[in-house]
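Going by the UniProt record's numbering, the sequence shown opens with residue 36, and the numbers climb by one from there.
Quick reminder that beta carbons are idealized off the backbone N, C-alpha and C, glycines included.
In this text, all values refer to a predicted model and were calculated from it rather than measured experimentally.
Report on one structure; see the data block that follows.
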Amino acid sequence: LPQSAKPDATVHSVCGYCATGCSLKVHLQAGRAVNLSTHSDYPVNLGMACPKGWEALTPLAASDRATTPLLRGRDGELEPVSWTAAMEAFCAGFKDIQKQHGADAVAFLSTGQIVTEEMAFLGSLAKFGMGIVHGDGNTRQCMATAATAYKQSFGYDAPPYSYQDFEESDVLIFVGANPCIAHPIMWQRVMRNQRDPEIIVIDPRKTETAMAATQHLAIQPKSDLALFYGLAAHLVSIDAVDLDFIAAHTEGYHDFVEFLADYSLETAAAATGLDYAQVSRLARLIASGKRVSFWWTMGVNQSYEGTRLAQSMINLALMTGNIGKPGTGANSITGQCNAMGSRLFSNTTGLLGGRGFECAEDRQTVADILDMPVERIPDRPSLAYNEIIDAIDAGTIKGLWLVATNTAHSWINQKRFRRVREKLDFLVVQDMYHSTESAEIADLVLPAAGWGEKEGVFINSERRIGRTRKVSQAPGQALADFHIFRLIAHHWGCAELFKEWSSPEAVFRILTRLSHGLPCDITGIDGYADLEREGGIQWPFKKTEREQPGHELKAQRRLFEDGKFYHANGRAKFIFEAPRPMPEPVNADYPFILLTGRGTSSQWHTQTRTSKSDVLRKLYPKNPYVEINPEDATALNIKPNSKVCIRSRRGEVEATAVILASVQPGQVFMPMHYRITNHLTASAFDPYSKQPSYKACAVTVHNIHS
Ligand code: SF4
Numbered sequence: 036l037p038q039s040a041k042p043d044a045t046v047h048s049v050c051g052y053c054a055t056g057c058s059l060k061v062h063l064q065a066g067r068a069v070n071l072s073t074h075s076d077y078p079v080n081l082g083m084a085c086p087k088g089w090e091a092l093t094p095l096a097a098s099d100r101a102t103t104p105l106l107r108g109r110d111g112e113l114e115p116v117s118w119t120a121a122m123e124a125f126c127a128g129f130k131d132i133q134k135q136h137g138a139d140a141v142a143f144l145s146t147g148q149i150v151t152e153e154m155a156f157l158g159s160l161a162k163f164g165m166g167i168v169h170g171d172g173n174t175r176q177c178m179a180t181a182a183t184a185y186k187q188s189f190g191y192d193a194p195p196y197s198y199q200d201f202e203e204s205d206v207l208i209f210v211g212a213n214p215c216i217a218h219p220i221m222w223q224r225v226m227r228n229q230r231d232p233e234i235i236v237i238d239p240r241k242t243e244t245a246m247a248a249t250q251h252l253a254i255q256p257k258s259d260l261a262l263f264y265g266l267a268a269h270l271v272s273i274d275a276v277d278l279d280f281i282a283a284h285t286e287g288y289h290d291f292v293e294f295l296a297d298y299s300l301e302t303a304a305a306a307t308g309l310d311y312a313q314v315s316r317l318a319r320l321i322a323s324g325k326r327v328s329f330w331w332t333m334g335v336n337q338s339y340e341g342t343r344l345a346q347s348m349i350n351l352a353l354m355t356g357n358i359g360k361p362g363t364g365a366n367s368i369t370g371q372c373n374a375m376g377s378r379l380f381s382n383t384t385g386l387l388g389g390r391g392f393e394c395a396e397d398r399q400t401v402a403d404i405l406d407m408p409v410e411r412i413p414d415r416p417s418l419a420y421n422e423i424i425d426a427i428d429a430g431t432i433k434g435l436w437l438v439a440t441n442t443a444h445s446w447i448n449q450k451r452f453r454r455v456r457e458k459l460d461f462l463v464v465q466d467m468y469h470s471t472e473s474a475e476i477a478d479l480v481l482p483a484a485g486w487g488e489k490e491g492v493f494i495n496s497e498r499r500i501g502r503t504r505k506v507s508q509a510p511g512q513a514l515a516d517f518h519i520f521r522l523i524a525h526h527w528g529c530a531e532l533f534k535e536w537s538s539p540e541a542v543f544r545i546l547t548r549l550s551h552g553l554p555c556d557i558t559g560i561d562g563y564a565d566l567e568r569e570g571g572i573q574w575p576f577k578k579t580e581r582e583q584p585g586h587e588l589k590a591q592r593r594l595f596e597d598g599k600f601y602h603a604n605g606r607a608k609f610i611f612e613a614p615r616p617m618p619e620p621v622n623a624d625y626p627f628i629l630l631t632g633r634g635t636s637s638q639w640h641t642q643t644r645t646s647k648s649d650v651l652r653k654l655y656p657k658n659p660y661v662e663i664n665p666e667d668a669t670a671l672n673i674k675p676n677s678k679v680c681i682r683s684r685r686g687e688v689e690a691t692a693v694i695l696a697s698v699q700p701g702q703v704f705m706p707m708h709y710r711i712t713n714h715l716t717a718s719a720f721d722p723y724s725k726q727p728s729y730k731a732c733a734v735t736v737h738n739i740h741s
C-alpha cells in the first residue's frame, strides 16, 4: 500500500449482523474506517468471518441513507425538517394520542440490532419516561420461543452452551437449523471438531447443512414433536436414562414417563414419514453414552407449538444427563447480533434484567437502582408484537414507533400489516435508511446511525458480551439511536429521570448494577475496558467471582456445570404436551406446504443492509425464487427458471422456479429475504411464546404460462 493508504490505527469491533458475534479488526485512517480484516485471537470466530462480515462497512456508504429527519407534509410527501421540528412533531403526535385515547394508545416495536445500552434506554424512556406500556422487539419473530422454553424449563432464559461445545460433542443434532449458511462461523467451529462426530440434521428440507451431515432425517413438516417424544419413550423403555441426574436435578420426570406411554419409535416413524431404521439409529446414538448436543434455530422457534418442541429437546438432554458438560446441551442458536441483549435488557415484555413488571418487589428493586419513583414503572406486562398489531386493528393503539425494524416486510401475513397501518394516526420510523418498506409509509422518519457509527455492546448466542465500536461518522444529521433517545427525553420533558444515562458506557454500568443477584449477574465486569481486555465476557460474571484470589476468567464457559437450575428449588422441569394439528393443513385447493427460511449466507433478513453491497448482491439471485421438487415440476409442467404463481389464502406472488430435490414432493421453499414471501405466510402463533409460525402454510403453485 502507498503510505497515504496505510491505516494508522485498528480497533476491534463485534460484527452487527448475526448472533455469532464475530470480532472484526477495523482499520482506520484519521479516525475513519478504510477497510477491515478478521480477528484471530477472539474466542468466537478465531480469525474467520462470513461474506456479510467482510462487507460490513459497505452499507454505511449507501446512497439511500437517511441523512435528515423527514416529516410527511400536507401534500402527502416526506419532507426534510430540522431535528427540532422532528422532535416537536414526535412529541405532539404521541402526546395528542395519549391525551385523547390514554397512554396505552401508543406502542413501540424495537429490534435485536441496536446495542444493549440503546435497547435499555429505549425501553426505559418509553415506559418510565413517556408512560407507554406496550412495546415489544422483533426478537418476538425469532427467539421468543427459545426464551419462553428456557424460562419455563430452567427458571430463566439461559442458553447453556459455549461455542467450544461444537468442537467437543460426539453427536450434534441440528433441528430446523441450517448453520452452513445461517451461522457459517459456528459451522466452521463444527468442522474443527476432531472427535469424528455424528452430525444429524432433522429438517424437511435438504439444506446445505443436511448435505454436509452424516445423516439427514427429512421429516414431514411439524412432525418433530412426535419424533422427540417417540425417542424419549424408547430411551425410557431401554433404561438409557441418567436416573441419578434426574433424581438430583429435575422434577416432573415420572409424569413425563406416564405421558410417554402413547409414544414409541413406531409412532415416531409413522408421524415423521421416516424409516423405522433411521429413527432407531438416532435413538441408539442418543443412548450411546457419548456427548450429545441438540441445536435449534427457526425451524423450531417459528412454529405454532415451538415452545413445547424446544422443551422436548430440553427433556431429552435432561433425561440423558446431557447438560452442563462439555459437548452437550439443549442449545438454542440466536439469530440477530443482539437478540440476547434484547432478551435481557430491552425492557419490553420483561422488566430490565428479565424481571417481571407485575412483581412489586422487582419494580421497587429497579426503581431503587435507577433512583426513580416506583410509580413510573408500569405494573402490567406489555402486549406481545402480534397483540400490538391486533390492538392497532381494533383501534385501541393509534400511535406506533418502529426502531431499527422493518415490520412492513418482515411481519407475517404482510398485507394485513399494511391494511392495519392505515388505522394508525401516527407512525414514526427510526432507521438508517429512508427506503425501507416501513420508512416509506411513515409519518416521521428519524435518521439513525448504523453499526460502526456508534459505541456499545452486543450479547451473542453463547452469552458473550462484546464491544462494538464507532469507526465511522454517520452521514448528514443522522444520530446514534442513543442520542436520539436523549433528544426525545429532553423534548418530552423527562430528561431528569435519565440524567445518569449520559453515555453508552454510563448505561452499561447501570445495567451491571441492574443485573446484581440475577442469573445474568455481570457485576464482575468493570466497564468497557474489561470487555476489551478479555475478548468479550460471557454472563454470568459476578463481582464475587472476580474477587476470588487467583481468579482467571476462562475464555469459554457453560451453564449448569453444578447441576443447579434457576427455579427456586434448583431443579429443571420436564414440560410436555401432546402435539397439535397444523393450523393450516394442505387440501385439494392448497395442496403444497410452503417452507420459508434463510436462503444464503450473503443476505441478511429483509436485505435492508446487505442489498447495499455489490459483492453480496452478486452472491444471491436478485429476483424471488421458489424451490420445487422435480416430481411436482413435471406434474405441473413447470420448467426450470420459468415464472410460477404461488398462492395462499392471504395472497399470491410470482417467483422463478428452481427445480431441486432439496424439497420433498408436496413442499416448496421460498427465502424470507424477498418482500413477497410474507404476502403468503399465515397468522398462526405459539400460544406460550406468541412467536409467529412462519414455517408452514398451505399454498397452491401453478405455471403462469400454462
Ligand atoms: Fe458477522 Fe455472523 Fe458473519 Fe460472523 S457469521 S461475520 S457475526 S454475519
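In terms of DSSP beta bridges, what is residue i paired with?
| i | result |
| --- | --- |
| Pro482 | Asp466 |
| Ala692 | Val661 |
| Met705 | Thr631 |
| Val738 | Looking at the sequence provided, one finds Asn at residue 738 rather than Val. In DSSP, Asn738 forms a bridge with Val679. |
| Ile572 | Ile500 |
| Pro115 | Leu105 |
| Glu733 | Inspection of the sequence shows that residue 733 is occupied by Ala rather than by Glu. Answer is Ile628, bridged to Ala733. |
| Gly172 | Ser145 |
| Asn441 | In DSSP, Asn441 forms no bridge with anything. |
| Cys53 | Gln371 |
| Phe720 | Pro727 |
| Lys608 | Glu286 |
| Trp330 | Phe209, Asn366 |
| Ala68 | Leu63 |
For residue i, does the count of other Cβ atoms within 10 angstroms reach 16, so buried, or fall short, so exposed?
| i | result |
| --- | --- |
| Gly108 | exposed |
| Val480 | buried |
| Lys647 | buried |
| Lys608 | buried |
| Tyr311 | exposed |
| His444 | buried |
| Arg498 | buried |
| Asp403 | exposed |
| Lys534 | exposed |
| Asn622 | exposed |
| Asp279 | exposed |
| Lys87 | buried |
| Arg378 | buried |
| Asn357 | buried |
| Met226 | exposed |
| His74 | buried |
| Pro195 | buried |
Distance, Cα to Cα, residue i vs residue j?
| i | j | result |
| --- | --- | --- |
| Phe163 | Gly385 | 14 Å |
| Phe125 | Val463 | 8 Å |
| Lys325 | Asp274 | 15 Å |
| Gly370 | Ala261 | 26 Å |
| His218 | Ala142 | 32 Å |
| Arg615 | Asp259 | 11 Å |
| Thr558 | His551 | 6 Å |
| Pro618 | Ile663 | 22 Å |
| Cys57 | Cys50 | 6 Å |
| Gly166 | Gly632 | 37 Å |
| Glu587 | Lys60 | 25 Å |
| Cys439 | Thr363 | Per the sequence shown, the amino acid found at residue 439 is Ala instead of Cys. Near 35 Å, if we compare the C-alpha coordinates of Thr363 and Ala439. |
| Trp527 | Gln449 | 32 Å |
If residue i sits next to residue j, beta carbons under 8 Å apart, how far is it from one beta carbon to the other, in whole angstroms?
| i | j | result |
| --- | --- | --- |
| Ser507 | Arg224 | Incorrect: roughly 29 Å between the Cβ atoms, too far for contact. |
| Pro239 | Ile254 | 6 Å |
| Ala513 | Ala483 | 6 Å |
Segment contact, 8 Å Cβ cut-off, at least three pairs: the segment 719–728 with the segment 648–667: no
Validate contact between the segment 585–593 and the segment 170–184 using beta carbons, cut 8 Å, 3 pairs: no
Contact between the segment 338–345 and the segment 220–235 (3+ Cβ pairs under 8 Å): They do not touch, by the three-pair rule.
Segment contact flag, the segment 385–398 with the segment 312–319, C-beta cutoff 8 Å, min 3 pairs: no
Touch test, the segment 281–290 against the segment 352–367, Cβ-Cβ under 8 Å, three pairs minimum: With a cut-off of 8 Å, the segment 352–367 and the segment 281–290 count as touching, because enough Cβ pairs lie within range.
Sufficient close CB pairs (3 or more, under 8 Å) joining the segment 200–218 to the segment 559–571: no
Stretch pair the segment 421–430 + the segment 77–97: three plus CB contacts closer than 8 Å: no
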